[in-house]
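Down below is the structure, laid out as structure tokens.
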Amino acid sequence: KAGVTQTPRYLIKTRGQQVTLSCSPISGHRSVSWYQQTPGQGLQFLFEYFSETQRNKGNFPGRFSGRQFSNSRSEMNVSTLELGDSALYLCASSLTGGMNTEAFFGQGTRLTVV
Amino acid sequence: GENVEQHPSTLSVQEGDSAVIKCTYSDSASNYFPWYKQELGKGPQLIIDIRSNVGEKKDQRIAVTLNKTAKHFSLHITETQPEDSAVYFCAATNYGQNFVFGPGTRLSVLP
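The listed protein sequences correspond, in order, to chains A and B. The opening position of the first sequence corresponds to residue 1 in the numbering used here, with each subsequent residue numbered one higher. The opening position of the second sequence corresponds to residue 1001 in the numbering used here, with each subsequent residue numbered one higher.
Here's what the structure looks like:
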């Protein structure tokens, strides 16, 4: 069974640009969550999607957005990039995010903003 | 909202010894507590989890204990091996909500 796949693995962007990251969950999983990981702030929740709807949202500015497609694949977008957005962005998939809350992470996308 | 604390931040043990990492949580409604291991350059890997209706769970050399009254849970690794060296994260969640992670513990197993 294939795991969670995130693309690309590495990205370098310039301040002010925008970026789109992709996450393909484990087959059959319908919940996808996104996290930002930095040395200073640790793992912080961005948002969760379930059946193409955003179900939960963390405390990040509106520059961070996401969506989920009918095949459960998810994308997150960051607009007007800032230096502080440099981080490892992780997505986690789970069956439903409810009673079955085991969540499995991808390898992450390392975003560097210069 | 939920807040998760984790101690120690770094831990060094001799190969073969045991390692214990402790976490406390603030929200009494939290009912699912996973532990993740993250190796350099990789995403977090789920290694064990426990639900609030269980006090202890074991999987080979790894065990987790939960004290709901005191709102703390611990990861126990016995007979540590060099490949156990990694950063370990605890997390807490209420069903249907997002995970709140602890800040992590860097475990070094010295040969």
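All residues carry an ideal CB built from backbone N, CA and C; glycine is no exception.
C-beta neighbour in chain A for residue i, strict 9 Å
i, result
"Pro1034 (chain B)", "yes"
"Pro1044 (chain B)", "yes"
"Val1100 (chain B)", "yes"
"Asp1059 (chain B)", "no"
Buried/exposed call for residue i, threshold 16 Cβ in 10 Å
i, result
"Tyr10 (chain A)", "exposed"
"Gln36 (chain A)", "buried"
"Asp1017 (chain B)", "exposed"
"Asp85 (chain A)", "buried"
"Ala92 (chain A)", "buried"
"Phe69 (chain A)", "exposed"
"Asp1084 (chain B)", "buried"
"Ile12 (chain A)", "exposed"
"Val1054 (chain B)", "exposed"
Min CB distance residue i to chain B below 9 Å
i, result
"Ala87 (chain A)", "no"
"Thr53 (chain A)", "no"
"Thr80 (chain A)", "no"
"Val32 (chain A)", "no"
"Val19 (chain A)", "no"
"Leu43 (chain A)", "yes"
"Ala2 (chain A)", "no"
"Gly106 (chain A)", "yes"
"Gly58 (chain A)", "yes"
Beta-bridge pairing of residue i - partner residues as DSSP gives them
i, result
"His1007 (chain B)", "B:Lys1022"
"Arg67 (chain A)", "A:Glu75"
"Phe50 (chain A)", "A:Ser31, A:Thr53"
"Gly1041 (chain B)", "Per DSSP, none; premise fails for Gly1041 (chain B)."
Any non-hydrogen atom of the ligand ATP closer than 8 Å to residue i Cβ
i, result
"Gly1104 (chain B)", "This structure lacks the ligand ATP; in fact it carries no ligand of any kind."
#### Entry: Under 9 Å (Cβ pairs) to chain A, residues found in the segment 1075-1095 of chain B
Per Cβ criterion, the list reads Phe1089, Ala1091, Thr1093, Tyr1095.
### Query
Which of the residues in the segment 1001-1027 of chain B, read from start to end, lie with their CB under 7 Å from any CB of chain A?
Taken residue by residue, none of the segment 1001-1027 of chain B has a beta-carbon sitting less than 7 Å from a beta-carbon on chain A.
### Query
Which ranges would you report for the beta strand (DSSP E) in the segment 1058-1106 of chain B if only whole runs of at least 3 residues count?
Listed in chain order, the complete beta strand (DSSP E) runs (minimum 3 residues) inside the segment 1058-1106 of chain B are 1062-1067, 1072-1077, 1086-1092.
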